[in-house]
Structures are given as C-alpha cells and as structure tokens.
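Numbering of the sequence shown is given in the numbering used here, commencing with residue 52 and proceeding in unit increments. The beta-carbon is built from N, C-alpha and C at its ideal position, and this holds for glycine as well.
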Amino acid sequence: MLRTNHLNLGTWVLKTAGDPLRVLAVDAVLQARSDHWLVRETLGMLRRTLARLDVSSRTLIALIEPGSCFAGTLLELALAADRTYMADFTEHAPSIAVSDLNLGALPRIDARSRLSSRFYGEAAAIAAISRVKGQPVTPKQARDLGLITAALDDIDWHDEIRLVLEERASLSPDALTGMEANLRFGGAETMETRVFGRLSAWQNWIFIRPNAVGTDGALKTFGTGSKAKFNWERV
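Next up, the structure:
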C-alpha cells in the first residue's frame, strides 16, 4: 500500500509494540520447526517481505521507544532502517534482543544477513553480537555494539527526532534514494546490488530526473542562489 499508493510519503517511521520475550519465543518455535512445511513457508514470506522493505525507495527510520518489541524477527526492521534511534530514558528504557533468525535465516536480496551487511562482514563485530543472543540489550549496549545510530535521553528525544525527520524531508527525494540504496547495499557487489543500489538508483534514475536536470532541478540551480523545486514522489 505504501509503496504503490502513497508516493509522496518519502519517510517511513518504523515502530513496534509488545513483549520482546514473546517475539523471541515465536522465533524459537520457527527455528526448532524449520523443516515443517508451514514454518518453511512462513519464513519464506518473512524473508520476501523484509527484502521488499530493503529495496523500497523510501527513508526508513526506526524508533525504539518504551514498550517496543524490536527482538528477533522484528529486530530485522531496525536493521533494515537507514537510521535507528533508541530511547535511553531514566525510567522504562526499552531493550532489544537478537535471536538465531537474525544470523542468516532471513537474508536480503543479495543473500547476506542484515547484521552482516551492517558490519560489512566484520567477524569480530558479529561475534560480539552473537554472544548477547537471547538477552535484553540496553540502549548503551546497543550503541556500543553498533546496533543503533544513537541512544537519546528523555530530554533530547523529541527534539532530536523532530530535527531528523524535518532534515530528511527537506532533501531531494531522488538524491536520498541514491544515497540510501548505496549505503544499504554496500560491500561486495552482486547482480542484485548493482541493480538496486547502483544502476536503478543512479544511472537509470537520478541523473535523468527533472529533480536533477530540470529547469528548477538541483544541478541547474546549484550556485545560483535559487532553491531547487522538487517533485516529492519516490517510486
């Protein structure tokens, strides 16, 4: 629905609500029964749905707030996001948790896990995260492990998030598509990363769009003192 019918919604804010332990319990069942046909189809549907999120030409921002349940399969939403902010509140601070399914059972289109892609395959970083598997990870731990962009306290939370969203919304949607696709599909190239992160996002899209080369596009107005006028659709 968002991808095809709401093209002007360029920034998606991803949230969850619930009990992280229940998500981990579901993941444990899926892992234990992975040879069952229904579980196999369920994991396949999860994998394909998350992969569609990866290749969506939208800004993805995950907010981990009190009451969130970014654990296991739902943690993949945060790992897919361009930026992830976690509330480091004095009271009721949320936690996140890693399960076995985060370690390769739900690969992206380039056959890499989101954890592996996030750390460019760095074995030491992934091993450190594996050691806290199944345990609640606090905001400070998540920041130190590199699982989030920033941990914000209750004083800064609302202003920081507002500034992040307003900043993204002010930039060229086409330039954001290219920047985000390149960061999401960095590292070793595959045919899929070339299509989604390079060719489609840059050569076949950005440089021929009016947002770049039109009369009021960014390249034509650069250095003139005039502000570019953008078509805000992201497709």
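Item, Value
"Pick out whichever of 215, 81, 147 and 169 has its Cα sitting closest to the Cα of residue 63.", "215"
"Please name the residue, chosen from 187, 180, 168 and 151, that lies closest to residue 132 on a Cα-to-Cα basis.", "168"
"Ignoring anything shorter than 3 residues, give me the beta strand (DSSP E) runs that lie fully in the segment 138-187, in order along the chain.", "none"
"Mind checking which residues open and close the beta strand (DSSP E) that includes residue 64?", "62-65"
"Nearest-angstrom Cα distance between residue 90 and residue 75?", "15 Å"
"Going straight from the alpha carbon of residue 35 to that of residue 277, what length do you get?", "Here the chain has residues from 52 to 286 only, and residue 35 is not among them."
"Helix, strand or coil, according to DSSP, for residue 201 in the structure here?", "strand"
"Tell me which residues share the same chain as residue 155 and place their Cβ nearer than 6 Å to its Cβ, disregarding the 5 neighbours each side in the sequence.", "164"
"When DSSP labels each residue in this structure, what does residue 94 get in the three-state scheme?", "helix"
"Helix or strand or just coil, what does DSSP make of residue 110?", "strand"
"May I ask you to list the residues that DSSP assigns as paired with residue 115?", "137"
"Have a look at the DSSP bridge pairing and note the partners of residue 122.", "148"
"Let me confirm a value: residue 171 is counted as buried when at least 16 other C-beta atoms fall within 10 Å, else exposed. Which label applies?", "exposed"
"So which of 187, 204, 98 and 166 has the shortest CA-CA distance to residue 148?", "187"
"Distance check for residue 282 and residue 121, CA to CA, integer angstroms please.", "34 Å"
"If you drop the 5 nearest sequence neighbours on each side, which residues of the same chain put their C-beta closer than 6 Å to that of residue 104?", "131"
"In its own chain, which residues sit with a C-beta less than 6 Å from the C-beta of residue 98, not counting the 5 before and 5 after it?", "157"
"Is the separation between the beta-carbon of residue 71 and that of residue 117 shorter than 7 Å?", "no"
"Return the first residue and the last residue of the alpha helix (DSSP H) that residue 209 is part of.", "208-221"
"Identify which residue in 161, 54, 106 and 233 has its Cα closest to the Cα of residue 241.", "161"
"Between the beta-carbon of residue 94 and the beta-carbon of residue 124, is there less than 7 Å?", "no"
"Sort 53, 60, 119 and 54 by Cα distance to residue 221 and report the nearest one.", "60"
"When burial is assigned at 16 or more other CB atoms within 10 Å of the CB, is residue 258 buried or exposed?", "exposed"
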